[in-house]
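A.B. asks: Quick one: the structure is below, and I'll ask about it shortly.
This is the structure in structure tokens:
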């Protein structure tokens, strides 16, 4: 319909799409001390989810948020009392501006939530034991114009994941490198 009105629109597919039911920007899993799932959260991760993007000028949010806007024709949650989602600025999603209207926190979580596992010892005590910051929002894609090729638009939604590089050195090598470079090691207490 938006294309018929002359508004640029495209279909987006997000793989490993988070469904953050309580809008805390994480997908929480609770287990007991024996490792049994407690089913305390309604959060979930879908294999994929599809929505539309349309190109809008955002006078209501400011020109910084102009450009592609997320519109979900199949929302699973109510927003302001009715089933709707968007238009959420992809720029707001990428920048983490989750305090804006139009379901920005929900879309941010769909592409960038952390998957967190908690041990629940009692109703008042829980402990985070695992957090995966890279699982959600993979291969966010649209179809190329004029071909059936996939275009990766992940960079429109999130910054690249930081890659950890592990290496091992002995303590004496580390200590000597500090002395050689005349660096001072400061420890905060």
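In my numbering, the protein residues as written are 19 to 207.
Each residue gets a CB set at the ideal place from its N, CA and C atoms; glycine is no exception.
For residue 92, which three-state DSSP category applies?
C.D. replies: Stepping through the chain shown from its first residue, residue 92 is reached at position 74. DSSP, reduced to helix, strand and coil, places residue 92 outside both helices and strands of the structure shown, so it counts as coil.
A.B. asks: Return the chain-ordered list of same chain residues with a C-beta closer than 7 Å to the C-beta of residue 102, the five sequence neighbours on each side being excluded.
C.D. replies: Within the chain shown, numbered from 1, the residue matching residue 102 stands at position 84. 93, listed in sequence order.
A.B. asks: Only counting the same chain, and skipping five residues up and downstream in sequence, which positions put a Cβ closer than 7 Å to that of residue 21?
C.D. replies: Along the chain shown, read from residue 1 onward, the residue named residue 21 stands at position 3. 27.
A.B. asks: DSSP puts residue 101 in a beta bridge; with which residues?
C.D. replies: Taking the first residue of the chain shown as position 1, residue 101 is located at position 83. The partner list for residue 101 (beta bridge, DSSP) reads 96.
A.B. asks: Can you give me the start and stop residues for the alpha helix (DSSP H) that residue 108 sits inside?
C.D. replies: Indexing the chain shown from 1 puts residue 108 at position 90. Segment 108-113, the alpha helix (DSSP H) holding residue 108.
A.B. asks: Quick one, which of 46, 50, 39 has its alpha-carbon nearest residue 138's?
C.D. replies: To locate residue 138, count along the chain shown from 1; it is residue 120. For the residues 46, 50, 39, the minimum Cα distance to residue 138 belongs to 50.
A.B. asks: With a cut-off of 8 Å on the beta carbons, I'd call residue 73 and residue 30 a contact; round off their distance for me.
C.D. replies: Mapped onto the chain shown, residue 73 falls at position 55. Mapped onto the chain shown, residue 30 falls at position 12. No, residue 73 and residue 30 are not in contact; Cβ-Cβ is about 13 Å, not under 8 Å.
A.B. asks: Thinking C-beta only, is residue 154 closer than 8 Å to residue 136?
C.D. replies: Your numbering for residue 136 matches position 118 in the chain shown. Your numbering for residue 154 matches position 136 in the chain shown. No.
A.B. asks: Could you tell me the distance, in whole angstroms, from the CA atom of residue 117 to the CA atom of residue 123?
C.D. replies: As a first step, residue 117 must be located in the chain shown, where it is residue number 99. As a first step, residue 123 must be located in the chain shown, where it is residue number 105. About 7 Å.
A.B. asks: May I ask which residues mark the beginning and end of the alpha helix (DSSP H) holding residue 128?
C.D. replies: Here residue 128 is taken as the residue at index 110 of the chain shown, counted from 1. Residues 122-130.
A.B. asks: At 3 residues or longer, what runs of the beta strand (DSSP E) sit wholly inside the stretch 37-92?
C.D. replies: 44-49, 62-74, 85-89
A.B. asks: What's the call for residue 71, buried or exposed, on a 16-neighbour Cβ count within 10 Å?
C.D. replies: Residue 71 sits at position 53 when you count from the first residue of the chain shown. Flag for residue 71 reads buried.
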